[in-house]
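For reference, the structure is listed below as structure tokens.
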Amino acid sequence: MNFGVSCQRDQKFFESALSKIKKIDYMMRKAGFTKETFIDIEISRNTVSEKEMDRLAILYCVVHMGESLGGVKEPHRWHSIISKEAFDMVKKRRNSSGHDYEHPEKRMDYEDMWTFLTVDCMKIKAMIEEAIKILDDHLHGTEAEMTA
65 MNFGVSCQRD QKFFESALSK IKKIDYMMRK AGFTKETFID IEISRNTVSE KEMDRLAILY
125 CVVHMGESLG GVKEPHRWHS IISKEAFDMV KKRRNSSGHD YEHPEKRMDY EDMWTFLTVD
185 CMKIKAMIEE AIKILDDHLH GTEAEMTA
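The numbering of the sequence shown is this note's numbering, which starts it at 65 and goes up by one.
If you want it as structure tokens, here you go:
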């Protein structure tokens, strides 16, 4: 795999995305969300519930995760590790999360988002961890070559 000069930059974007996935997982557990409690939050016109705030915070993290992966230049170089479908999936969820966060009147498919957060994110997490490992190996190999 030819990395060029973007190696360190891509590594930072992958690490940021991984950090957001871990934060989402933590926030989901801390809030005690189940599929039902995540999907069926009653939204009041007058007040915002704690569960609603928790869900909005998670959606905000999805936006940031998408921005991190969106910063990777030439994502096609990574398709053998992080599939094009994974990049597209994150982009789609980033966009729908952003709409929900900024335009709550446009109801998102929370069941789809739940599946993304509980199933797809874990698969994407493994892909990102593999990409980071490859970049670490490459960067450490390059440093060793430079000092030799």
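Ideal Cβ placement from N, Cα and C applies to all residues, glycine included.
Terminal residues of the continuous alpha helix (DSSP H) containing residue i?
i	result
Gly130	Glu114 to Gly134
Thr98	Careful: Thr98 lies outside any alpha helix (DSSP H) and carries neither H nor E.
Glu175	Tyr174 to Thr179
Expressed to the nearest angstrom, what Euclidean distance is found between the alpha-carbon atoms of residue i and residue j?
i	j	result
Lys213	Ile107	One cannot answer for residue 213 here, as it falls past the ends of the chain, which runs 65 to 212.
Cys71	Asn110	48 Å
Cys125	Phe151	16 Å
Asp74	Leu199	8 Å
Pro139	Lys148	8 Å
Glu25	Asn159	Not covered by the structure: residue 25. The range shown for the chain is 65 to 212.
Gly134	Asp201	23 Å
Ser132	Phe77	5 Å
Ser83	Leu181	14 Å
Glu79	Glu193	8 Å
Leu203	Ala195	12 Å
Within 10 angstroms of the Cβ of residue i, are there 16 or more other Cβ atoms? Answer buried if so, exposed if not.
i	result
Ala190	exposed
Ala212	Any answer about Ala212 is weak, because its pLDDT of 49 lies below 50 and its placement is not dependable; what the coordinates show is given next. So Ala212 ends up on the exposed side.
Val154	buried
Glu100	exposed
Val127	buried
Round the Cβ separation of residue i and residue j to the nearest angstrom and send it over; I've been treating them as touching at under 8 Å.
i	j	result
Ile105	Arg119	6 Å
Glu175	Ile103	6 Å
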